[in-house]
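The block underneath contains the structure these notes are about, expressed in structure tokens.
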Amino acid sequence: MTVKSVSFTNTQNGVRIKAWGGPSKGFVRDVLFQHAIMTNVQNPILIDQNYCPHNENCPRQVQIHKFSGYTYLL
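With my numbering applied, the sequence shown covers 3 to 76.
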């Protein structure tokens with residue numbers, strides 16, 4: 003996956019990867035972030051391995067997902 007030429011201004015999160023918790027053996031790999039401009043961003047890069055919107059009825063995470071091959075270029 004490639005994310006290219008984006009800008010974030012006055013936001014809570016910039017680049018964010020979300021993985022749903024549960025017994026899956028999911029993975030995220032070969033991700034390229036290029037020319038991401040951050041201005042006044044609380045969390046410029048955020049990886050959430052147990053994403054649970056609104057903290058309601060979410061499964062407990064059994065296995066950590068595998069993340070590899072991330073590249074950040076300015």
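Just so you know, even glycine gets a beta-carbon here, dropped at the ideal spot from N, CA and C.
Predicted model, so just to flag it, every value in this text is computed and none were measured.
In terms of residues, what are the limits of the beta strand (DSSP E) holding Met100? The chain is shown from 3 up to 76; residue 100 falls before or after that span and cannot be answered.
Strand pairing of Ser9, partner residues [DSSP]: Note: Ser9 sits in a beta bridge opposite Ile39.
Going by beta-carbon coordinates alone, are Lys6 and His37 separated by less than 9 Å? Taking 9 Å as the Cβ cut-off, Lys6 and His37 qualify as a contacting pair.
To the nearest angstrom, how far is it from the Cα of Lys20 to the Cα of Gly71? Cα to Cα, the separation comes out at about 16 Å.
When the Cα of Asn12 is compared with those of Thr41, Asn59, Phe69, which residue comes out closest? The candidate whose alpha carbon is nearest that of Asn12 is Thr41.
Measuring alpha carbon to alpha carbon, tell me which residue in Tyr74, Thr4, Ile49 is nearest Trp22. The candidate whose alpha carbon is nearest that of Trp22 is Ile49.
So, are the CB atoms of Met3 and Val33 less than 9 Å apart? In this structure, Val33 lies closer than 9 Å to Met3 by Cβ.
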